[in-house]
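The C-terminal residue of the sequence shown carries number 316 in numbering that gives the first Met the number 0, and the numbering is unbroken.
All residues carry an ideal CB built from backbone N, CA and C; glycine is no exception.
Notes follow once the structure below has been shown.
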Amino acid sequence: MIGPQARHLLGVGDLTAEDVERILDTARALARSLDREVKKLPTLRGRLVLNLFYESSTRTLASFELAAKRLSADTMTLRSTGSSVDKGESLRDTALTLAEYEPDVIVVRHPHIGAPHLVARATHAHVVNAGDGKHQHPTQALLDLFTIQSALGRLEGVSVAIVGDVLHSRVARSLVEALLLVSAEPVLVGPPTLVPRGIEALGCRVSHRIEDISDADVVYALRMQSERMQAGAAFVPSLREYTALYGITPERRRPGQVVMHPGPMNRGIEIDPRVADSGASLVTTQVRSGLVVRMAVLYDLLTSPAARPAALALEVA
Ligand code: CP
Numbered sequence: 000m001i002g003p004q005a006r007h008l009l010g011v012g013d014l015t016a017e018d019v020e021r022i023l024d025t026a027r028a029l030a031r032s033l034d035r036e037v038k039k040l041p042t043l044r045g046r047l048v049l050n051l052f053y054e055s056s057t058r059t060l061a062s063f064e065l066a067a068k069r070l071s072a073d074t075m076t077l078r079s080t081g082s083s084v085d086k087g088e089s090l091r092d093t094a095l096t097l098a099e100y101e102p103d104v105i106v107v108r109h110p111h112i113g114a115p116h117l118v119a120r121a122t123h124a125h126v127v128n129a130g131d132g133k134h135q136h137p138t139q140a141l142l143d144l145f146t147i148q149s150a151l152g153r154l155e156g157v158s159v160a161i162v163g164d165v166l167h168s169r170v171a172r173s174l175v176e177a178l179l180l181v182s183a184e185p186v187l188v189g190p191p192t193l194v195p196r197g198i199e200a201l202g203c204r205v206s207h208r209i210e211d212i213s214d215a216d217v218v219y220a221l222r223m224q225s226e227r228m229q230a231g232a233a234f235v236p237s238l239r240e241y242t243a244l245y246g247i248t249p250e251r252r253r254p255g256q257v258v259m260h261p262g263p264m265n266r267g268i269e270i271d272p273r274v275a276d277s278g279a280s281l282v283t284t285q286v287r288s289g290l291v292v293r294m295a296v297l298y299d300l301l302t303s304p305a306a307r308p309a310a311l312a313l314e315v316a
C-alpha cells in the first residue's frame with residue numbers, strides 16, 4: 000500500500016481499492032494542469048527521482064522522467080548499458096552507490112523478478128516497480144484503469160478481454176489484479192501454451208476461443224514477448240498461425256468495443272494496423288494516461304496524506 004508505513008509500489012497487491020481510487024482522482028486533477036500553458040507544478044521541488052533501468056523502455060522511462068519534471072523534482076536516469084553494470088557491479092552495490100545521492104524515489108525496471116524488492120531493502124528511498132521480469136508492472140495497470148475509466152466513464156462491471164501472450168506478461172498479471180480490485184471483469188484469451196494453467200485462481204475467467212472477445216467492452220491485446228521465450232521452446236507453431244488464430248483484426252472487433260495495447264506493438268502480429276490506427280484504439284490515450292498517472296504515483300508517495308487534498312487543490316486550481 001502507498002501510505003505512511005510502507006511507501007513503495009512494488010506490485011498491485013500493495014494497493015487497496017481506496018488507494019486506486021485516490022491515485023486515479025489525483026491523476027484526473029493533475030491532467031487539468033497539463034491543459035495550461037505553463038505545465039510545471041512546484042509540488043516536488045527539491046526532491047530527487049532516480050530511474051534505474053536494466054531493460055529497454057520508451058513509454059515508462061520517458062513518462063516517469065517527464066512526470067518528475069512536471070512536478071519540479073530533480074531526475075537522474077541510469078541505464079544498465081554504459082554504466083558500471085557492464086563491469087559486473089551487482090544490483091545491490093549499484094543501489095547502495097546511488098543511494099548516497101539521497102534519492103527520494105527509485106523507479107526500477109529489471110529483467111529479474113524481485114529486483115525492485117531488493118532495491119527497497121537496500122535503500123531508504125521509496126521504490127516503484129517499473130516492470131520486473133514477467134511478474135508485475137503496477138503503474139501500467141493503473142494507467143490502463145485510468146484510460147478505461149476516461150473512455151467508458153466507469154470501471155465497475157466493465158468486461159476486459161486480455162488476449163495473447165499471458166504467460167510472459169507482467170502487464171496481464173498486474174492488470175487482472177487491478178481490474179478485480181475495482182470490480183471489473185477480466186477474461187484471459189489465448190492459446191493453451193500461452194495462458195498459465197491455474198491462472199483462474201486469481202479470480203478471472205479463461206478462454207481459448209477468440210470468438211469470446213465479442214462479449215467484452217474492452218479488447219486488450221498483449222505483445223508477443225519473443226525476448227522472454229526461451230530459445231528452442233515453441234509456444235505457437237508460427238507467428239503467422241498465431242496471427243491467424245488470435246490477432247485482433249477489424250473483423251474480430253465488435254462495433255462499440257475499444258481496443259488497448261500496452262506498447263510496443265508488433266503491428267500485423269497481435270494487432271492489425273487497421274485496428275491499431277482506428278478510432279476504436281486507445282493506444283495513444285494510454286501513453287498520455289501514463290504521464291498523469293505516474294505524476295499521481297510520485298505525488299502520492301511523496302506527499303503526506305494530511306497535506307494531499309489541500310496541496311493539490313491549491314496547485315491545480
Ligand atoms: N508498456 C511499456 O512498459 O512500454 P515500455 O517498455 O516502452 O516502457
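- Between P115 and H109, the gap from beta carbon to beta carbon is short of 8 Å.
- A straight line joining the alpha-carbon of L97 with that of V165 spans about 34 Å.
- Ranked by Cα distance from S149, the options K86, V291, V296 and D92 are led by V291.
- Annotation for H109 indicates a beta carbon at 7 Å or more from all heavy atoms of the ligand CP.
- The criterion of a C-beta distance shorter than 8 Å is not satisfied by A220 and I198.
- When C-beta atoms of the stretch 11-20 are compared with those of the stretch 68-77, fewer than three pairs fall below 8 Å, so the two segments do not count as touching.
- CA-to-CA, the gap between R27 and Q285 works out to about 14 Å.
- Under the 8 Å Cβ criterion, the stretch 134-151 does not count as touching the stretch 188-196, having fewer than three qualifying pairs.
- Counting only unbroken stretches of 4 or more residues, the alpha helix (DSSP H) elements lying wholly within the stretch 204-251 are 238-245, in sequence order.
- Residue state for S62 is assigned as helix, using DSSP reduced to three classes.
- Inclusion of V127 and V104 in the CB contact set at 8 Å is warranted, their separation being smaller than that value.
- Three or more Cβ pairs closer than 8 Å define a contact, and the stretch 168-177 meets that threshold against the stretch 129-145.
- Short note on T284: C-beta not closer than 7 Å to any heavy atom of the ligand CP.
- Cβ-Cβ separation between R91 and A129: approximately 18 Å, too far for a contact (criterion under 8 Å).
- Boundaries of the alpha helix (DSSP H) harbouring V292: V282 to L301, taken from the DSSP string.
- If you ignore the 5 residues before and after F145, its C-beta comes within less than 6 Å of the C-beta of L23, A26, S288 and V292, all in its own chain and listed in chain order.
- S83 sits in a helix when the DSSP states are folded into three classes.
- In this structure, the alpha-carbon of E240 lies about 13 Å from that of M223.
- Taking the CA atoms as reference points, L29 sits about 12 Å from P41.
- Restricting attention to E64, A215, S83 and V235, the CA atom closest to the CA of V106 is found in E64.
- Residue state for I147 is assigned as helix, using DSSP reduced to three classes.
- Every residue whose beta carbon comes nearer than 5 Å to a heavy atom of the ligand CP appears here in chain order: S56, T57, R58, T59, P261 and G262.
- In this structure, DSSP gives E54 a state outside helix and strand, which the three-state scheme calls coil.
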